[in-house]
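Heads up: the sequence shown runs through residues -8 to 346, numbered per the working numbering.
From the three backbone atoms N, C-alpha and C, an ideal C-beta is built for every residue, glycine too.
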Amino acid sequence: MSSSLAFRNIYNSQPDISSFTPGRVNLIGEHIDYNGGMVLPATLEKGIFISLKSRSDNRIRIYSDQFCRVEELNINDSATSNWSDYALGSIVFANKAGFLNGGADIAITTTLPLGAGLSSSSALIVGILKLAASLSKRPYDNIKIAILAKRVENEFIGIPCGIMDQMVISCSDLGKAIALDTKTLDFEILTLPNAYHMAILHSGEYRLNTDGNYRKRKEECDKIKEIIGHNDICNMSNNDFALLNNISTDLKQRARHCVTEHQRTLNAIKAIKKDNVFKLGLLMTESHISMRDDFKVSLPNIDSLVHDAIDLGAVGARLTGGGFGGCIVACVLKENLTTWRQKLLSRHPRAFSVI
Ligand code: GLA
């Protein structure tokens, strides 16, 4: 159902404004957006439909078709680890930015699976902030919206995420990738190889950014930064590595992932520009191995799904997103896609195709 139809059914009135905001898949450059690295995410054709009507009082009502209920909140409420926190935080920050002056009624319908590592939460936040900004008729730019959306996650929800998801969702063209420098926020929009499909399959293992695993990796990276005395983990020198000699193997492995993942992403960007799909695929697979062995954010079922994706003909495959569950992304020749997918899913009955 469209979000505007849901809005009319639930609230018995017309929304002021509606939009579609895409989810994202990260092709390569994982867990380095909070370490100043290069990342290469792309927007999806699946995403979130949002309809919104501003209110002059402080009430907020939020309906989502995923939960089939309306949450009634107030603009002064805090996050309560509920699904509605993302919408509530967006309205609170839209007020801080001067886009709204009070609460709102919101209806959300989605084609994006939740907890899949495809950024449904960032899509919701960016979507609401853009709707509120358009309503206010104040000038806004996509990068500022991305920064504000990150603040909602960091400050309101309490997730220490980086800027990758918000930037690609706010700034990219639909279905395109962006080569994003997370240190400067400079980016370039890239078209992906035409004969290939970036297939996304859910592993059947569910994850949440709020489950503590993500925070643990972020804290390990903060510890490395403290030891080497600067924030640029992705460009660590041999001297920096020497400083890590006396600490745990775990931290050395985390640092190695950041350095090698940053280089792989730079090489993947070059490969896309030269239309070298085999190189791109190889780098994606190497990225998975690094996430499995060095950054340790994979799970045995996901390793096996990646292994079989390649065994059945993908030029490369990897876990995508924060890890500990969620989706894999595999680069597959379009003409082989249907057979490849069928064979892979028959080997992995818990997995399902997303795109
Ligand atoms: C989550 C975070 C992002 C990024 C990825 C891992 O999606 O929201 O900022 O850190 O994990 O690459």
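Of the residues Gly94, Glu63 and Ala140, the one whose Cα lies closest to the Cα of Ser110 is Ala140.
Residue pairing by DSSP puts Arg60 in a beta bridge opposite Ser55.
Beta-bridge partners of Pro13 (DSSP): Gly38.
Here the distance from the Cβ of Cys152 to the nearest heavy atom of the ligand GLA is below 7 Å.
When the beta-carbon positions are compared, Arg245 and Phe286 come within less than 8 Å of each other.
Using a Cβ distance threshold of 8 Å, Cys249 and Asn65 do not count as a contacting pair. Separation of Met(-8) and Cys212 (C-alpha to C-alpha, rounded to the nearest whole angstrom) is 42 Å. It is roughly 8 Å from the alpha-carbon of Leu235 to the alpha-carbon of Ile219. For Pro32 against Leu165, the beta-carbon gap comes to about 13 Å, at or over 8 Å, which does not count as contact. Distances from the CB of Glu21 to the heavy atoms of the ligand GLA include at least one below 7 Å. Relative to Phe84, the option among Arg46, Asp132, Glu146 and Arg129 whose CA is nearest is Glu146. Between Asn267 and Leu103, the alpha-carbon positions lie close to 30 Å from each other. Three or more beta-carbon pairs separated by less than 8 Å link the stretch 177 to 188 to the stretch 319 to 332, which places the two stretches in contact.
Of all alpha-carbon atoms in Leu122, Asn49, Ala137 and Gly317, the one lying nearest the alpha-carbon of Ile41 is that of Leu122. Between Ser72 and Glu62, the C-beta gap is not smaller than 8 Å, which leaves the two residues out of contact. Distance between Lys265 and Lys167, taken at the CA atoms: about 16 Å.
Secondary structure note for Cys152: it is in no beta strand (DSSP E), with a DSSP letter that is neither H nor E.
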